[in-house]
Each structure stands twice: as C-alpha cells, then as structure tokens.
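Colleague: Just passing along the structure, written as structure tokens.
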Amino acid sequence: MSKGCIKGGVAPGQVAKLESGRDLSRTWLVVDMDAFFAAVEERDNPGL
Numbered sequence: 001m002s003k004g005c006i007k008g009g010v011a012p013g014q015v016a017k018l019e020s021g022r023d024l025s026r027t028w029l030v031v032d033m034d035a036f037f038a039a040v041e042e043r044d045n046p047g048l
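Per the UniProt record's numbering, the sequence shown starts with residue 1, numbered consecutively.
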C-alpha cells in the first residue's frame with residue numbers, strides 16, 4: 001500500500017476486512033529452543 005492510500009483512509013478499511021476474515025479457533029505456538037540448548041552446553045562445558 002502506498003503512503004497516499006494510508007493517508008486517504010484506505011488502510012483502516014483494509015485492516016478491518018482482513019481482521020474479519022481471520023480464523024481464531026486454532027492457535028499455533030512456536031518455541032525456538034536453540035538458545036536454551038546452547039546455554040545448557042555452555043553451562044556444562046564453559047570452555048566452549
């Protein structure tokens with residue numbers, strides 16, 4: 001969307017249209033455990 005569309009009030013209508021079509025009956029949770037496992041390895045082997 002261009003800045004002109006946002007200033008002209010088109011963006012709020014587009015946002016409402018997108019939000020009305022969302023399906024919130026399911027939720028996804030993604031957990032990135034890389035930092036956790038790296039911290040455990042550093043704790044167990046400080047020489048890393």
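The beta carbon of each residue, even a glycine, is placed where N, CA and C say it ideally should be.
What are the start and end residues of the alpha helix (DSSP H) that includes D32?
Modeller: Stepping through the sequence shown from its first residue, residue 32 is reached at position 32. Here D32 belongs to no alpha helix (DSSP H), and DSSP marks it neither H nor E.
Colleague: Tell me the DSSP secondary structure of P46 in three-state form.
Modeller: The residue labelled residue 46 in the question sits at position 46 within the sequence shown. Three-state result, P46: coil.
Colleague: Please report the straight-line C-alpha distance between G47 and V40, rounded to a whole angstrom.
Modeller: One-based indexing of the sequence shown puts residue 47 at position 47. One-based indexing of the sequence shown puts residue 40 at position 40. Whole-angstrom Cα-Cα distance: 13 Å.
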